[in-house]
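Report on the following structure.
This is how it looks when you write it as structure tokens:
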């Protein structure tokens with residue numbers, strides 16, 4: 001009797017061990033599948049650039065910014081990745097896994113980042129600072145001084161109001177910029193981490209996030225969208241919105257160090 005009891009206990013323990021191992025392997029496989037869908041990151045070598053322009057009060061004064069190396073998403077975050085991490089798709093234009101996720105607020109993105117980093121510890125994904133975004137859009141230390149991210153010809157690099165067909169398009173459908181980054185002009189506006197300031201007076205010169213003073217509750221958006229005219233798609237242009245706002249032309253891309 002005692003021997004039978006021990007045998008049954010051992011069999012139950014083995015079954016439980018196998019069950020736990022199967023669950024562990026299933027979770028590992030799930031993580032690997034998500035890894036495949038994580039945006040490809042582009043290394044942006046640090047450097048010094050002139051941020052801003054004289055075209056608009058909000059982009060003045062032009063000022064020198066020096067940044068360290070960082071990585072930025074080759075493409076905006078897609079509907080597929082958002083669905084995988086959050087379990088839902090908030091986009092207005094659904095049914096396009098490889099289109100940028102849209103209709104997400106800055107606050108929504110913070111929740112996404114928490115879940116993404118919990119699932120992938122050590123990756124430290126975040127939103128770009130405004131300086132990081134502009135430096136990358138301009139082509140970093142490979143910049144050729146283009147008006148848009150990768151060209152002076154807007155149609156080469158941008159989905160905007162004249163060619164988008166009234167909706168976002170597949171990521172990577174236009175020419176990349178000097179660093180091999182796509183869609184930094186047009187397709188969807190991209191949230192940055194920074195609090196909105198009406199101009200660059202007092203802006204950080206080291207590329208760090210600018211949260212001192214400013215209009216707390218409003219955050220920076222960059223790049224223009226499928227709905228924008230060419231002026232808003234310039235690499236130097238900047239815009240703002242309340243961080244709780246969701247529109248079908250608001251998206252984002254990831255950054256990490």
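Residue numbers (UniProt numbering): 1 to 257.
Note that beta-carbon positions come from the ideal geometry of N, C-alpha and C, so glycine has one too.
Check	Outcome
Using the C-alpha atoms, what's the distance from residue 103 back to residue 213?	27 Å
When burial is assigned at 16 or more other CB atoms within 10 Å of the CB, is residue 152 buried or exposed?	exposed
Is residue 184 closer than 7 Å to residue 223 when the C-beta atoms are compared?	yes
Excluding the 5 residues flanking residue 97 on each side, which residues of the same chain have their C-beta closer than 7 Å to its C-beta?	78, 79 and 80
Just the C-alpha distance for residue 58 and residue 123, rounded to the nearest angstrom, thanks.	33 Å
Check for me: the beta strand (DSSP E) holding residue 220 runs from which residue to which?	215-222
Under a Cβ-count criterion, where at least 16 other Cβ atoms within 10 Å of its own Cβ denotes burial, should residue 54 be classed as buried or exposed?	exposed
Check whether the Cβ atoms of residue 217 and residue 75 sit closer than 7 Å, and answer yes or no.	no
Touch check for the stretch 227-236 and the stretch 158-167: three-plus C-beta pairs under 8 Å?	yes
Looking at the unbroken alpha helix (DSSP H) that takes in residue 71, where does it start and where does it end?	That residue, residue 71, is in no alpha helix (DSSP H); its beta strand (DSSP E) goes 70-73.
Is the distance from the Cβ of residue 219 to the Cβ of residue 243 below 7 Å?	yes
How far does the beta strand (DSSP E) with residue 242 in it reach, from first residue to last?	238-242
Can you list, in chain order, the residues of its chain with a C-beta nearer than 7 Å to that of residue 199? Leave out the 5 residues immediately preceding and following it.	57, 58 and 60
Are residue 136 and residue 181 touching if we call contact CB-CB under 7 Å?	yes
In the structure shown, what three-state DSSP assignment does residue 100 receive?	strand
Within its chain, find whatever has a CB closer than 6 Å to the CB of residue 47; leave out the 5 residues flanking it on each side and keep chain order.	141
Anyone know if the C-beta pair for residue 72 and residue 255 falls short of 7 Å?	yes
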